[in-house]
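Residue numbers (our numbering), protein chains in the order written: chain W, 5 to 119; chain H, 1481 to 1595.
We treat Cβ as the ideally placed atom computed from N, Cα and C, and that holds for glycine.
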Amino acid sequence: IAGITQAPTSQILAAGRRMTLRCTQDMRHNAMYWYRQDLGLGLRLIHYSNTAGTTGKGEVPDGYSVSRANTDDFPLTLASAVPSQTSVYFCASSDRDRGHNQPQHFGDGTRLSIL
Amino acid sequence: AQSVTQLGSHVSVSEGALVLLRCNYSSSVPPYLFWYVQYPNQGLQLLLKYTTGATLVKGINGFEAEFKKSETSFHLTKPSAHMSDAAEYFCAVSQRSGGYQKVTFGTGTKLQVIP
């Protein structure tokens, strides 16, 4: 089934450790996004990528980095995790070539706890 | 700037009753509007979208929403609630911003369906 695969599903991490959340899509969408979801705050954009080789900062980028080496993969890295990064992280993609009225497709999320 | 307000973080309805989830938006340009549903431990799934044209939009699972420009609203309705409708619902507005698709999500409404 076409879609977005995120790994790991959940993780408990010690503060100060480095962590990479993986995201792979098989829909050949050019645009990809990383959001964090926190209770009462909805979804907030961390970083985005309009196409392979380009990335941009979203609403809450501090403490996170991304790369887009190819169309399918869009990993999110926490260089040195802090407890405030405890959240549920969602990767999404959209077919940007068809315009800004296209819906985003979401993975099932990574539940990350920083202790 | 764009924003989304969902009135009511929790809504309870009896099985078979009308479902009404409220969403108001603000946008400096004609908006693209979406409703997404999120089931526990899953990502967001598209219910329906409004881009242009007919203001009454029909989606999956019997849901529909009406775009009312004069009221800046995009409320979600379903004539008869089913137990399987229990989930969290997110309204979102999308527009082009700085070269990417900026999607602003509401904070979500949890729908409880009472047998």
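In this structure, Gly20/W places its C-beta atom within 8 Å of the C-beta atom of Ser84/W. Excluding its 5 nearest sequence neighbours in each direction, Leu1487/H has C-beta neighbours in its own chain below 6 Å: Arg1502, listed in chain order. Beyond the five residues adjoining it in sequence on each side, Asp77/W comes within less than 6 Å, by CB distance, of Thr28 in the same chain, given in chain order.
Nearest neighbour of Ser1553/H by Cα position, chosen from Gly1586/H, Gly1539/H, Met1563/H, turns out to be Gly1586/H.
The beta carbon of Ala11/W sits closer than 7 Å to those of Arg26, all from its chain and outside the five residues before and after it, given in chain order.
In the structure shown, Arg100/W falls within a helical segment according to DSSP collapsed to helix, strand and coil.
Beta-bridge partners of His1490/H (DSSP): Lys1590/H. For Ile1540/H, no beta strand (DSSP E) segment is defined, and its DSSP state is neither H nor E. If you draw a straight line from the Cα of Lys1558/H to the Cα of Tyr1512/H, it is about 21 Å long.
Restricting attention to Ala73/W, Asp42/W, Ser98/W, the CA atom closest to the CA of Arg115/W is found in Asp42/W.
DSSP places Gln108/W in the coil class of the three-state scheme, outside both helix and strand. Within the DSSP secondary-structure output, Glu1546/H pairs in a beta bridge with Leu1536/H, His1555/H. At a C-beta separation below 9 Å, Arg100/W has these neighbours in chain H: Tyr1580, Gln1581. Under a criterion of Cβ atoms nearer than 9 Å, the residues of chain H adjacent to Leu45/W are, in order, Thr1587. For Tyr39/W, the closest C-alpha among the options Tyr93/W, Gly111/W, Ile118/W is that of Tyr93/W.
Segment contact: the segment 1560 to 1568 of chain H against the segment 1512 to 1532 of chain H, three or more CB-CB distances shorter than 8 Å; contact assigned. Membership of Ser117/W in the beta strand (DSSP E) is indicated by the continuous run 114 to 118. Proximity to Arg100/W across Ala35/W, Thr75/W, Met23/W peaks at Ala35/W, based on C-alpha coordinates.
Judged by DSSP secondary structure, Val86/W falls outside any beta strand (DSSP E); it is assigned neither H nor E. Taking C-beta atoms as the reference points, Tyr52/W and Tyr1580/H count as a pair closer than 8 Å. Between Leu1500/H and Tyr1516/H, the CB-CB gap reaches or exceeds 8 Å.
For Leu1526/H, the chain W residues whose C-beta falls within less than 7 Å of its own C-beta are Pro107, listed in chain order.
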